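In our numbering, the protein residues as written are 5 to 437. Remarks on the structure that follows.
Right under this line is the structure:
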């Protein structure tokens, strides 16, 4: 049987299983197993056992459950109130005013959560009722929350970067550092859009409150100090080279516990809920990784990835053309799959293409994460849309429409990243000097 027909059969089976509602991990395992049995001579049992074990037992995955647990702990604290009250006095005179709290607050929480959904949920719990009460338009409240909530995937520590680093065998520490400047660039672009919108629609926002005295602003900012200390401890220890990602994740868990204790938010129930939530998420990701690794092994046995990579190389596509195709490809996939599944499903096929086009895998990781961020706000399967819909009861398609402008801003960010790759590669290069 030809490689083309084999690939189409496996792809059709995968789409059939996913459309039928089968768990992603199970769908991947089922397709991989059928591929080994019918299209290769490899023994299924030994291949599956060895592949499953190697996929989830590597030390490179050790930071994953710790960072997830850190985010789960902070998600259950009063952190959202502290972020809002600490930032609001400083942003009340900027065009767009308190809408910027969604953006800056998301960036701060992203620095300790690693999760897009957790970032959107944490900020949304406080800012949605507060901004509605003050008369801000829903389209900007939900649009800014949906868009800036995706920063949890880019600003380290990022769960998505850990997944990509394991799949592409790229240093997780270098990926974390590579995400810093692009994350700050996205923050600036989001805030810039809000400023321009506010200047063009000055009567659509509520009147500015009375200016807060400097002393009151400084006292309000004191609430942010524990969070800022945790961010510096987690990210700074990696950048300074004094801690590995695993060690910084352990430090982050201890710091999150201290913040929860000091804010009197850590009850025995919250503690158990955070453990259970971290265990569920970690198990889900592990199952998907194991299934995708088995499918990758199956594809390698069939020879499909190398054939596709050779075919792409023979086309001699310029890197920019290849990236444009991949951008559209990931956006379309994001309408139906979550970010983790997108990365692990495509790694075996795309990474050989990217290497053949002489594209830096470190830079490509940042590119992929930003595009996966866009998938978080594309219907029908946009996790941030689901989170905000659950918080507010607002229709998910309306929230998607609210987030459209921020989706366009992300496309601009991708364009800037392609035009100026140093945005992602400059900081990691400093680590080697």
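The beta carbon of each residue, even a glycine, is placed where N, CA and C say it ideally should be. Predicted model only: the values in this text are computed from it and were never measured.
Inclusion of residue 370 and residue 157 in the CB contact set at 7 Å is not warranted, their separation being larger than that value. Our two residues, residue 258 and residue 75, have alpha carbons roughly 12 Å apart in a direct line. Taking the C-beta atoms as reference points, residue 36 is found nearer than 7 Å to residue 299.
Residue 177 is positioned such that its CB atom lies no closer than 7 Å to that of residue 67.
Here residue 25 carries a coil assignment [DSSP, helix/strand/coil].
Here residue 89 carries a helix assignment [DSSP, helix/strand/coil]. Per DSSP, the continuous alpha helix (DSSP H) segment holding residue 406 begins and ends at 400-406.
Residue environment: residue 101 is assigned as buried (16 or more neighbouring CB atoms within 10 Å of its CB, all protein chains considered).
Under the 8 Å Cβ criterion, the stretch 141-154 does not count as touching the stretch 356-371, having fewer than three qualifying pairs. Cβ contact annotation for residue 238 (same chain, cutoff 7 Å, sequence separation greater than five): 116, 161, 252, 255 and 256, in chain order.
For residue 215, there is no enclosing alpha helix (DSSP H), as DSSP gives it neither H nor E. About 6 Å separates the beta carbon of residue 147 from that of residue 410, a gap short enough to meet the 8 Å contact definition. With fewer than 16 other Cβ atoms from the protein chains shown falling within 10 Å of its own Cβ, residue 133 counts as exposed. Within the model, the alpha-carbon separation for residue 417 versus residue 377 is close to 11 Å.
When the beta-carbon positions are compared, residue 286 and residue 72 come within less than 7 Å of each other. Within its own chain, the residues whose Cβ lies closer than 6 Å to the Cβ of residue 334, once the five positions on either side in sequence are excluded, are 375, listed in chain order. Here residue 165 is actually not in contact with residue 187; their C-beta atoms are around 11 Å apart, not less than 8 Å.
Taking residue 407 as reference, the option from 383, 423 and 420 with the minimal CA-CA separation is 383.
Here residue 140 carries a coil assignment [DSSP, helix/strand/coil].
Nearest to residue 143 by alpha-carbon distance, out of 422, 400 and 434, is 400. Put simply, of 302, 193, 137 and 121 the residue whose alpha carbon is nearest the alpha carbon of residue 379 is 121.
Within its own chain, the residues whose Cβ lies closer than 8 Å to the Cβ of residue 288, once the five positions on either side in sequence are excluded, are 29, listed in chain order. Between the alpha carbons of residue 23 and residue 17 lies a gap of roughly 10 Å.
DSSP places residue 58 within a helical segment (H, G or I) once states are collapsed to three. As for any beta strand (DSSP E) of minimum length 3 sitting wholly inside the stretch 148-226, there is none. Straight-line measurement puts the Cα of residue 9 at about 51 Å from the Cα of residue 201.
Burial of residue 168 is indicated by the presence of at least 16 other C-beta atoms within 10 angstroms of its C-beta. Residue 260: member of the alpha helix (DSSP H) spanning 249-266, first to last residue. Between residue 208 and residue 141, the C-beta spacing is below 7 Å. DSSP places residue 46 outside both helix and strand once states are collapsed to three, so it counts as coil.
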